[in-house]
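Residue numbers (UniProt numbering): 1 to 455.
Quick notes on the structure that follows.
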Ligand SMILES: Cc1cc2nc3c(=O)[nH]c(=O)nc-3n(C[C@H](O)[C@H](O)[C@H](O)COP(=O)(O)OP(=O)(O)OC[C@H]3O[C@@H](n4cnc5c(N)ncnc54)[C@H](O)[C@@H]3O)c2cc1C
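Spelled out as structure tokens, the structure:
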């Protein structure tokens with residue numbers, strides 16, 4: 001891809017952007033700007049993409065800019081593709097349909113997924129099967145599981161209507177509907193996913209396509225998109241870019257420097273998968289489009305509020321569940337509470353935030369049931385383990401004000417192998433055995449302990 005028309009326009013927060021990695025073989029485009037030659041490969045100039053990190057403190061951003069990507073994939077582990085997984089590992093996910101891509105029956109009802117590990121699935125370091133378990137197996141005892149989709153919530157009559165027309169009444173309601181992926185807002189998707197060279201870590205149906213595209217990448221543009229909407233785990237599109245970069249470097253073993261180009265204010269509006277073309281609109285000049293040929297495309301879809309909430313009485317003006325930022329209690333309906341991506345809590349939407357919120361919500365509800373005032377406040381804790389290579393992670397942790405809320409008494413802005421193991425091996429256990437059982441309310445108490453009560 002010619003880089004000149006996609007220069008950095010600003011270093012402010014990116015709203016809609018195209019991030020690309022160019023891998024042009026020598027001679028393929030002799031006129032490419034800012035080109036460097038390197039052992040048979042030609043590279044365009046590098047512009048670090050760290051400015052996009054909403055989650056990073058300025059200190060961490062600064063450190064991050066200084067660090068170079070390490071490129072060793074995990075040693076001693078056998079890399080496998082999806083055809084090599086065992087029946088035991090498969091755990092029923094072979095049956096999955098188009099979860100998150102809005103076609104057909106939603107398999108997310110029968111399967112529950114640990115989404116944060118999809119970053120590593122898209123890069124081939126984990127299998128998709130390892131990310132899911134049957135919903136039945138994680139359902140707590142004593143719970144009646146209604147296997148239908150919520151269509152509407154009516155807080156004036158204290159009822160929930162499901163897609164089969166059933167009305168369920170409640171005394172107290174906790175809304176945890178997540179957010180809505182909108183692949184269909186990009187012309188050509190989701191059908192384009194039927195073609196090779198395109199993937200998306202944001203849905204179980206498309207995450208393995210990222211890994212396929214990465215493995216089959218032989219040269220040309222690798223393009224990573226970021227939408228102009230709120231996203232869950234805003235670091236995820238960047239993580240797959242780093243991992244792809246690490247993978248490709250290892251593959252060719254000749255590259256000395258990172259070579260990433262960031263194009264801000266470019267919003268993916270169309271994918272012509274049959275021609276391997278992605279169309280971006282310049283958000284500063286609506287109507288002005290750029291067509292980019294790709295050899296690999298990773299799509300981060302536009303996202304928005306759950307359709308069961310948006311436009312209803314529980315929503316704010318945008319469509320998110322309108323809850324109190326301290327107590328997670330609904331602002332107008334005191335018997336309704338919210339948690340996670342579906343809410344308008346002014347913090348980054350992550351699983352780590354959900355864990356911390358769960359501890360507060362637990363407290364708020366037990367106080368409310370006793371007709372007492374909620375006394376514990378959510379500080380906005382959220383975290384993004386930023387995977388920078390196949391064995392390093394920067395663990396970013398923040399509160400509502402973007403102030404670092406780091407758990408460990410070490411410099412977490414540094415890329416660390418220990419943090420990679422936490423992300424890849426420890427966090428999934430914490431999720432399945434801690435959070436889903438109500439035993440993990442985030443690292444708050446451990447942070448206090450490790451900082452001798454000072455944080
Ligand atoms: C690629 C990727 C990487 C990520 N990396 C990280 C990370 O490193 N760290 C981190 O902390 N977070 C990460 N996240 C974000 C994290 O996964 C989410 O923030 C978290 O799952 C939000 O939890 P939730 O319960 O609010 O929503 P979800 O986990 O999305 O759960 C919502 C549930 O509601 C169900 N549902 C939706 N609509 C309806 C309906 N109408 N009726 C009935 N049920 C419905 C869904 O099926 C789903 O089970 C990542 C996410 C992705 C996709």
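Backbone N, C-alpha and C fix where the C-beta goes; we use that ideal spot for every residue, glycine too.
Remember, it's a predicted structure, so these values are computed and weren't measured experimentally.
Between ligand 1 and residue 351, a heavy atom-to-CB distance of less than 7 Å is present.
Within the chosen limit of 7 Å, ligand 1 does not reach the beta carbon of residue 211 with any heavy atom. The closest heavy atom of ligand 1 lies 7 Å or more from the beta carbon of residue 134. With a cutoff of 7 Å, residue 115 counts as near ligand 1, since its C-beta is closer than that to a heavy atom of the ligand. At a cut-off of 7 Å, the beta-carbon of residue 340 counts as near ligand 1: some heavy atom of the ligand is closer than that. In the structure shown, the three-state DSSP call for residue 340 is helix. With contacts defined as CB atoms closer than 8 Å, residue 436 and residue 303 fail to qualify as a contacting pair.
Rounded to whole angstroms, residue 361 and residue 339 show a C-alpha spacing of 8 Å.
If you check the C-beta of residue 310 against ligand 1, you find no heavy atom less than 7 Å away. By the Cβ test, the region 415-431 is not in contact with the region 143-155, since fewer than three Cβ pairs between them sit closer than 8 Å. Pairing residue 367 with residue 337, the inter-Cα distance amounts to about 13 Å. The secondary-structure analysis by DSSP pairs residue 354 with nothing; it has no beta-bridge partner.
In the three-state reduction of the DSSP assignment, residue 365 falls in the helix class.
Cβ contact annotation for residue 269 (same chain, cutoff 6 Å, sequence separation greater than five): 279, 281, in chain order. Judged by their CB atoms, residue 295 and residue 201 are not nearer to each other than the 8 Å cut-off.
By the criterion of a C-beta distance shorter than 6 Å, residue 321 is surrounded in its chain by 175, 309, 314, 338, 342, 343, once the five residues flanking it on both sides are discounted.
Annotation: residue 212 to residue 121 spans about 11 Å, alpha carbon to alpha carbon. The C-alpha of residue 453 lies about 15 Å from the C-alpha of residue 410. Under DSSP, residue 198 forms a beta bridge with 297. Residue burial is scored here from C-beta neighbours: residue 166 has fewer than 16 other C-beta atoms within 10 angstroms and is therefore classed as exposed. Taking the Cβ of residue 112 as the reference point, at least one heavy atom of ligand 1 falls within a distance shorter than 7 Å.
Cβ atoms of residue 116 and residue 351 come within 8 Å of each other, at about 5 Å. The Cβ-Cβ distance between residue 177 and residue 306 falls below 8 Å. In this structure, ligand 1 has no non-hydrogen atom nearer than 7 Å to the beta-carbon of residue 183. Here the alpha carbon of residue 264 sits roughly 16 Å from the alpha carbon of residue 287. Linking residue 193 to residue 208 through their CA atoms gives a straight-line distance of about 11 Å. Taking the Cβ of residue 380 as the reference point, every heavy atom of ligand 1 lies at 7 Å or farther away. Take residue 349, set aside five residues on each side of it, and the residues of its chain with a beta-carbon closer than 6 Å to its own are 232, 341, in chain order. CA-to-CA, the gap between residue 401 and residue 317 works out to about 23 Å. Membership of residue 112 in the beta strand (DSSP E) is indicated by the continuous run 111-113. With respect to the 8 Å criterion, residue 230 and residue 300 are not classified as neighbours on the basis of their beta carbons.
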